[in-house]
Each structure stands twice: as structure tokens, then as C-alpha cells.
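Enquirer:
There are 2 protein chains.
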Amino acid sequence: MSTLIERITGGDPTAVARAISRVEDGASGAAELMKQVFPRAGKALVIGITGAPGAGKSTIVDKLAAHYRTKGERVGIIAVDPSSPFSGGAILGDRIRMQTLSLDKGVFIRSMATRGNLGGLARGTVDAVAILDAAGYEKILVETVGVGQDEVEIVKTADVCVVVLVPGMGDDVQTLKAGIMEIGDVLVLNKADREGVLRAEKELQALLTLAVREDEWQPAIVKTVATENKGIDDLASAIEHNREFQRSRPELSERRRAIARWRILELLREQLVSEALNGNGAVAKLDRLANEVASKQRDPYSAVEELMKTEVGSQKSEVSNNT
Amino acid sequence: MSTLIERITGGDPTAVARAISRVEDGASGAAELMKQVFPRAGKALVIGITGAPGAGKSTIVDKLAAHYRTKGERVGIIAVDPSSPFSGGAILGDRIRMQTLSLDKGVFIRSMATRGNLGGLARGTVDAVAILDAAGYEKILVETVGVGQDEVEIVKTADVCVVVLVPGMGDDVQTLKAGIMEIGDVLVLNKADREGVLRAEKELQALLTLAVREDEWQPAIVKTVATENKGIDDLASAIEHNREFQRSRPELSERRRAIARWRILELLREQLVSEALNGNGAVAKLDRLANEVASKQRDPYSAVEELMKTEVGSQKSEVSNNT
Numbered sequence: 133m134s135t136l137i138e139r140i141t142g143g144d145p146t147a148v149a150r151a152i153s154r155v156e157d158g159a160s161g162a163a164e165l166m167k168q169v170f171p172r173a174g175k176a177l178v179i180g181i182t183g184a185p186g187a188g189k190s191t192i193v194d195k196l197a198a199h200y201r202t203k204g205e206r207v208g209i210i211a212v213d214p215s216s217p218f219s220g221g222a223i224l225g226d227r228i229r230m231q232t233l234s235l236d237k238g239v240f241i242r243s244m245a246t247r248g249n250l251g252g253l254a255r256g257t258v259d260a261v262a263i264l265d266a267a268g269y270e271k272i273l274v275e276t277v278g279v280g281q282d283e284v285e286i287v288k289t290a291d292v293c294v295v296v297l298v299p300g301m302g303d304d305v306q307t308l309k310a311g312i313m314e315i316g317d318v319l320v321l322n323k324a325d326r327e328g329v330l331r332a333e334k335e336l337q338a339l340l341t342l343a344v345r346e347d348e349w350q351p352a353i354v355k356t357v358a359t360e361n362k363g364i365d366d367l368a369s370a371i372e373h374n375r376e377f378q379r380s381r382p383e384l385s386e387r388r389r390a391i392a393r394w395r396i397l398e399l400l401r402e403q404l405v406s407e408a409l410n411g412n413g414a415v416a417k418l419d420r421l422a423n424e425v426a427s428k429q430r431d432p433y434s435a436v437e438e439l440m441k442t443e444v445g446s447q448k449s450e451v452s453n454n455t
Numbered sequence: 133m134s135t136l137i138e139r140i141t142g143g144d145p146t147a148v149a150r151a152i153s154r155v156e157d158g159a160s161g162a163a164e165l166m167k168q169v170f171p172r173a174g175k176a177l178v179i180g181i182t183g184a185p186g187a188g189k190s191t192i193v194d195k196l197a198a199h200y201r202t203k204g205e206r207v208g209i210i211a212v213d214p215s216s217p218f219s220g221g222a223i224l225g226d227r228i229r230m231q232t233l234s235l236d237k238g239v240f241i242r243s244m245a246t247r248g249n250l251g252g253l254a255r256g257t258v259d260a261v262a263i264l265d266a267a268g269y270e271k272i273l274v275e276t277v278g279v280g281q282d283e284v285e286i287v288k289t290a291d292v293c294v295v296v297l298v299p300g301m302g303d304d305v306q307t308l309k310a311g312i313m314e315i316g317d318v319l320v321l322n323k324a325d326r327e328g329v330l331r332a333e334k335e336l337q338a339l340l341t342l343a344v345r346e347d348e349w350q351p352a353i354v355k356t357v358a359t360e361n362k363g364i365d366d367l368a369s370a371i372e373h374n375r376e377f378q379r380s381r382p383e384l385s386e387r388r389r390a391i392a393r394w395r396i397l398e399l400l401r402e403q404l405v406s407e408a409l410n411g412n413g414a415v416a417k418l419d420r421l422a423n424e425v426a427s428k429q430r431d432p433y434s435a436v437e438e439l440m441k442t443e444v445g446s447q448k449s450e451v452s453n454n455t
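Residue numbers (the working numbering), protein chains in the order written: chain A, 133 to 455; chain B, 133 to 455.
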């Protein structure tokens with residue numbers, strides 16, 4: 133019988149799905165599995181796709197996936213869906229892709245959402261990408277629903293970041309754009325058959341001339357009408373150009389270093405909290421403290437002090453048991 | 133000379149600004165300060181305002197603040213701005229309010245952004261709200277730029293959550309709407325002079341009839357044209373109605389409990405990580421490990437193992453020093 137890692141590297145979708153569930157749930161053995169996965173990953177091109185709601189990200193992801201499929205490449209799609217941190221439920225619209233692409237065995241689609249209070253969405257997504265990579269998917273598309281900080285962080289871990297905009301969005305988009313300049317390697321003006329596309333393009337170009345990137349890459353602006361499959365080839369070329377550009381400069385960029393630092397810290401955070409709540413009665417204590425904070429009998433700071441007290445106590449006794 | 137907490141409760145804006153900077157930076161003494169602040173907070177009405185980019189949130193916040201000012205109430209405004217977790221820079225568009233409201237001494241405006249990798253935006257925002265509350269600001273408006281998970285979590289800690297929508301947004305908005313049903317106590321259809329407002333209103337009503345809220349509150353739909361100050365009185369009334377409704381049901385809701393739990397965990401996470409990186413040479417080690425992960429010589433999981441090893445080591449020696 134093959135081990136899970138063997139089945140993953142063999143490209144077995146069932147094994148991939150099981151591995152992703154395991155890391156998503158933070159199941160025991162997940163860390164060991166990922167230590168086997170990482171050395172086997174690194175060949176795929178990971179493309180992050182973000183942008184304002186309504187900009188047409190899903191359609192672009194679908195069409196881009198279809199484009200890669202015509203070239204015979206296997207495609208992994210990870211949709212990062214915002215979900216309530218309180219209910220823990222994922223919100224996934226029934227997308228068109230679910231009907232068309234999901235019948236294609238060369239496409240693996242997975243929706244990722246936060247599980248509970250312990251976070252780990254970012255870590256889970258990065259792990260899922262590595263699993264798909266180890267399983268030999270040539271192109272991995274990571275799509276986010278929102279434009280929040282979490283989503284931006286996740287997209288930035290991709291090799292190439294695509295930001296989708298539409299002409300004629302509101303004033304707040306100015307604010308967004310400023311942030312987008314920092315992350316977008318390729319900028320897509322979707323719904324380019326709409327009025328105002330030339331103005332939007334000029335605005336973007338003006339913003340681009342203002343922005344100075346550490347790596348000196350000049351982000352491309354690609355116009356698409358994704359619903360009609362227009363501009364998708366151009367988008368694929370722009371993505372490829374960015375990748376070639378990156379390959380031509382093998383030195384570690386500050387951005388890669390910052391991403392690695394952030395990944396380590398995310399994982400550290402998750403493991404420390406899970407350790408802290410692992411002790412005898414810690415979860416019950418957390419529930420009691422949460423009730424006290426909710427009813428304003430106690431402030432959160434002293435609640436944490438109380439929680440940390442338990443932890444230090446249990447660690448001390450562990451140490452004395454060992455000696 | 134008065135202490136900082138005395139100056140805060142005396143309503144001194146300089147003291148408020150200093151206290152917020154202190155908690156934002158996670159400066160030493162911040163936890164002690166907050167333990168003094170929390171018992172003095174709880175009188176203000178905290179209003180969270182979120183919604184898609186371009187929906188007009190900033191304008192609504194400005195007009196609502198002006199509305200409360202005409203009633204002689206002091207208003208605190210906290211703008212939660214998405215910023216890069218890598219550069220750490222805040223993105224704040226030069227908003228109109230900065231020119232008009234900032235001259236009014238009864239209005240305190242503050243922009244909050246993430247500082248570095250250690251997170252703490254959510255915790256910092258909640259702390260800033262408590263400080264303004266203790267300083268006697270009657271209304272506190274918390275506005276988010278994005279609609280990401282972080283922002284949604286922050287807005288949910290408010291007493292009343294306002295979600296701003298505009299007619300005629302794209303398909304992804306369906307996805308957003310589903311999430312919004314869960315958090316919105318008051319739904320605003322802004323730019324209600326636009327085409328499609330009636331259809332949008334009907335859609336929202338249909339969605340509302342599908343949603344079942346634990347607390348049985350029926351979210352109000354308010355139509356506004358914020359730029360023309362239309363509908364702002366209605367919005368203020370709807371917010372007031374929700375508050376009265378909440379007061380009529382004094383029992384702790386599951387939502388309040390979940391929020392308290394989340395606040396404790398956020399704080400715990402921050403303190404554990406900052407402790408873990410407090411040890412001798414831990415930051416240098418993190419940098420070295422980040423380089424190794426960035427250049428794919430090491431996977432993040434074994435990097436964290438390596439980091440945690442340091443920490444446990446230093447704790448053990450501390451314990452043995454104490455005995």
C-alpha cells in the first residue's frame with residue numbers, strides 16, 4: 133500500500149483532497165505531512181487573483197484555467213472564501229465553474245474558509261498550494277473573494293499576483309488602488325467593453341508611473357471581457373512575462389523574505405495558541421472568561437493573564453516531572 | 133500632575149491620542165493602562181460601518197458624525213485601513229472629512245493600521261474604542277475600508293453594525309450579501325438616486341426573509357444619498373432602534389460571547405508570539421529561518437519547530453533560576 137505522500141506525488145486527486153483536509157483541520161500528523169510535502173513542491177506557477185467584489189474574478193479564474201487546460205496543463209484552483217469567524221461557516225456561491233470545470237479530471241477545485249477561532253486560513257491556503265504543487269499541478273490559481281488584509285496576504289504568497297479592476301468604480305477604489313500598486317504584478321481591467329475603460333486605463337498608468345517597485349518590474353495592464361473570453365491569452369502572456377522576469381533575477385527579494393517571515397509567524401502563532409489551549413480544562417476556562425468579558429465583569433487583558441497563568445503552571449509541573 | 137487615566141476620563145484629546153498610540157504600538161504599560169480603561173468604558177454607542185469599496189462608507193460616516201454633532205454629542209471616528217503586512221505602511225486617502233470635521237474639537241479622528249507582522253489591528257481597534265469610550269465620547273464610529281475577514285471581525289465588536297451597499301453591484305456581491313446578513317443590524321442602500329434601487333431593495337428584503345437571526349431582530353433597510361445628506365436622520369433612527377431592541381433583551385447573546393472569546397484569543401495570540409520572540413537572539417534567528425524558507429532550503433514547519441525549541445529552552449532555564 134502506498135503512503136499518502138506517495139499518492140500525492142503520484143497525482144492522485146483523492147489523496148490531495150485528503151491531505152488538504154488534514155492540514156485545514158490542523159489534524160495531528162499535518163505538520164509531519166507538510167515537512168514531506170515542501171521538499172517536493174516548487175515546480176508549479178502559483179497565480180494569486182484578487183480585486184474588488186463584482187470585478188469578475190471568478191470568471192477570469194475559470195477562463196484562465198480553461199486556457200491552461202487547452203495546453204494540456206493540470207490546474208489547481210483554490211478559492212479563499214471569507215467566512216464568519218463566529219459561525220465558522222463558509223460562504224461559497226454556486227459558481228458556474230462548479231458545473232463546467234469540475235467535470236474535468238485535470239482540474240482540482242477547492243474552497244478554503246476559516247475554521248473556528250484559531251485562524252489558520254492563510255497557513256491552510258499556503259499548505260494546500262504546496263500539496264497541489266507536489267502533486268504535479270502545473271498552474272495553481274488562488275482566488276480571494278474579499279480584498280481584506282488576510283486575502284491580500286494570501287495572494288502575496290503567490291508567484292505572480294493579478295489584480296482585477298473594472299472601469300468606473302467608486303472613490304474608495306482610489307484607496308484600494310494605492311494598495312494594489314504594491315501587490316499587483318499584472319493589472320486586469322475587466323469588463324473592458326464598458327464606458328470609461330480608457331479613462332480607467334490612463335488613471336492606472338498614471339498611478340504606475342508614480343509607484344517605484346523594489347524589483348523594477350513594470351506591471352502590465354491587460355484589458356479583458358472575461359465573460360466573452362476576450363483578453364485571456366494576453367493575460368496568460370503577461371503572467372508568463374512576469375515569471376520570466378523573476379527568473380532572470382534569482383537574488384532573494386525583500387518581498388520573498390518578508391513573506392517567509394510572515395508564514396513562519398502565522399504558523400508560530402497558531403501552534404502557540406493551540407498549545408496554550410491544550411492544557412487540562414483550558415477550553416472550559418476560556419469559555420468562563422469569555423462569559424465574564426462579555427458581561428463586562430472582567431477586561432480581556434486580565435482574562436489573558438488568567439489564561440497564561442494556567443499555561444505557565446502546567447509547563448512548570450511538566451518540567452519538574454521530567455527532572 | 134494628573135495621571136494618563138485621569139486625563140483620559142477628563143476627556144483630554146491629547147491624552148486619548150497618546151493612549152491610543154501606546155496600545156497600538158504594544159508599548160510596555162499598555163496592558164496596565166487598558167486594565168484601568170475597561171472598567172471606565174461602556175457608556176458609548178459603538179457603531180461599526182462596513183461595506184464594499186466604493187459604496188460611500190466615508191461619506192456616510194462624515195454625515196452621521198455631523199448629525200450627532202448637531203445634537204451636541206462628542207464623536208470618535210476610527211478608520212481601519214488595510215495596509216500591507218510587509219511594508220507596514222498605512223494607506224489613507226486624503227478624505228474630505230479631514231478638512232471639515234478635524235477642525236471640530238468635539239470630533240476625534242484616528243486611522244488605525246497594522247503595524248508589522250505581529251498583527252494586533254483588531255486588538256488595537258477594540259482598545260482604541262474603549263479609550264474613546266472612557267473619555268466620554270458618546271458616539272464612536274468604526275469604519276473599515278475593506279470587507280475582509282479582519283474588518284468584518286472588527287465591525288462585529290461594535291454595538292450596532294451598519295452595512296453599506298449600492299444598487300447595481302456585481303455578482304460577487306451576492307456572496308458578500310450572504311455574509312452581510314449575518315453581521316448587518318442596519319442595511320444602508322446608498323446612492324439611492326441611482327437606477328436599480330427598487331430592485332436592490334427588493335432583493336435585500338427577500339434575502340432578509342430567508343435569514344433567521346438568533347436574536348430575532350429584523351434588520352432595517354435605509355435608503356440614503358449621503359453626498360446630499362439625504363436619509364441620514366433615518367439611519368440614525370434605525371441605529372437607535374437597534375440599540376433599544378438590544379437593551380430590551382439583557383441576556384447575553386451567543387454573539388456577544390463569541391466576540392469576547394475572539395477578543396481574548398486575539399490578545400493571547402499576540403502576547404504568546406511577542407513572548408516567544410522576546411528571548412535572546414530570537415529575532416535574529418527568525419530572520420535567518422525566514423531566509424532559509426524564502427530560498428527553499430527549509431520548510432516553514434521545521435522553521436517553527438526550531439523557533440519553539442529556543443523558547444522552551446529559555447523557559448526551562450528561567451524555571452531553574454527561580455528554584
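Ideal placement from N, C-alpha and C gives every residue a C-beta, glycine not left out.
Helix, strand or coil for A/G256, going by three-state DSSP, please let me know.
Expert: helix
Enquirer: If you compare alpha carbons, which of B/S160, B/C293 and B/V169 is closest to B/E138?
Expert: B/V169
Enquirer: Going by beta carbon distance, what residues of the same chain come within less than 8 Å of B/T141, once the five residues before and after it are set aside?
Expert: R172, A266, A267 and G268
Enquirer: With DSSP as the reference, identify every bridge partner of A/M244, one or two as the case may be.
Expert: A/V212
Enquirer: Pick out whichever of B/L297, B/A426 and B/L264 has its Cα sitting closest to the Cα of B/G316.
Expert: B/L297
Enquirer: Between the region 385 to 396 of chain B and chain A, which residues of the former have a C-beta closer than 9 Å to a C-beta of the latter?
Expert: Listed by position along the chain: S385, E386, R387, R388, R389, A390, I391, A392, R393, W394, R395 and I396.
Enquirer: With burial defined as no fewer than 16 other Cβ atoms inside 10 Å of the residue's Cβ, what is the status of B/G256: buried or exposed?
Expert: buried
Enquirer: So B/M166 contacts chain A; which residues on that side make the cut at Cβ distance below 7 Å?
Expert: D431 and Y433
Enquirer: Could you tell me the distance, in whole angstroms, from the CA atom of A/A368 to the CA atom of B/T182?
Expert: Roughly 34 Å between the two C-alpha positions.
Enquirer: For B/K428, list the residues DSSP reports as bridge partners.
Expert: For B/K428, which the question treats as bridged, DSSP gives no partner whatsoever.
Enquirer: Considering only their Cβ atoms, is the gap separating A/K288 from A/I391 smaller than 9 Å?
Expert: yes
Enquirer: Within 9 Å of any Cβ in chain A, is that where the Cβ of B/F170 sits?
Expert: yes
Enquirer: Just to confirm my understanding: we take A/T146, look at its own chain, exclude 5 residues before and 5 after, and list those with CB closer than 7 Å. What are they?
Expert: none
Enquirer: Determine, using beta carbons only, whether B/I286 and B/L253 come nearer to each other than 9 Å.
Expert: yes
Enquirer: Anyone know if the C-beta pair for A/I272 and A/V212 falls short of 9 Å?
Expert: no
Enquirer: Report yes if the C-beta of A/D194 is less than 8 Å from at least one heavy atom of the ligand FAD; otherwise report no.
Expert: As far as ligands go, the structure on display features none, and thus does not contain the ligand FAD.
Enquirer: In chain B, what lies closer than 9 Å to A/K428 by C-beta?
Expert: Result: F170, P171, A173 and G174.
Enquirer: Got a sec: which bits of the region 332 to 343 of chain A sit with their beta carbon under 9 Å from any beta carbon on chain C, in order along the chain?
Expert: Within the model displayed, chain C is absent; protein chains A and B are what it includes.
Enquirer: Do we get a CB-CB distance below 9 Å when we pair B/I244 with the residues of chain A?
Expert: The residue asked about is misnamed: residue 244 of chain B is Met in this sequence, not Ile. No, no contact with chain A.
Enquirer: Could you name the residues that DSSP lists as bridge partners for A/V354?
Expert: In the DSSP output, where bridge partners are listed per residue, A/V354 has A/V320.
Enquirer: Going by beta carbon distance, what residues of the same chain come within less than 6 Å of B/K189, once the five residues before and after it are set aside?
Expert: I181, G183, E275 and V296
Enquirer: How is the alpha helix (DSSP H) around B/E327 delimited, first residue to last?
Expert: Careful: B/E327 lies outside any alpha helix (DSSP H) and carries neither H nor E.
Enquirer: Skipping 5 residues on each side, what residues in its chain have a beta carbon closer than 8 Å to that of B/S219?
Expert: Per-residue confidence for B/S219 stands at a pLDDT of 35, beneath the threshold of 50, marking its modelled position as unreliable; the derived number appears in the next sentence. Closer than 8 Å at the Cβ level, and outside the excluded window around B/S219, lies no residue.
Enquirer: With 9 Å as the threshold, decide whether the Cβ of A/E437 is near any Cβ in chain B.
Expert: Chain B contact via Cβ: present.
Enquirer: Compare the beta carbon distance of A/K203 and A/N361 with 9 Å and say whether it is the shorter of the two.
Expert: no
Enquirer: Which partner residues does B/E285 have in the DSSP bridge list?
Expert: None, per the DSSP bridge assignment.
Enquirer: Taking Cβ-Cβ distances below 9 Å as the criterion, which residues of the region 400 to 426 of chain B are in contact with chain A?
Expert: L400, R401, E402, Q403, L404, V405, E407, A408, L409, L418, D419, L421, A422, N423, E424, V425 and A426
Enquirer: What number of angstroms, rounded off, separates the C-alpha of B/R242 from the C-alpha of B/E398?
Expert: Roughly 21 Å between the two C-alpha positions.
Enquirer: Under a Cβ-count criterion, where at least 16 other Cβ atoms within 10 Å of its own Cβ denotes burial, should A/P382 be classed as buried or exposed?
Expert: exposed
Enquirer: Cα separation between A/A414 and A/D236?
Expert: A direct Cα-Cα distance of roughly 46 Å separates A/A414 from A/D236.
Enquirer: State the start and end residues of the unbroken beta strand (DSSP E) segment that holds B/K271.
Expert: Taken as a continuous stretch (DSSP letters only), the beta strand (DSSP E) holding B/K271 covers K271 to T276.
Enquirer: Whole angstroms is fine: what's the gap from B/K327's alpha carbon to B/V320's?
Expert: According to the sequence displayed, residue 327 of chain B carries Glu and not Lys. One C-alpha to the other measures close to 16 Å.
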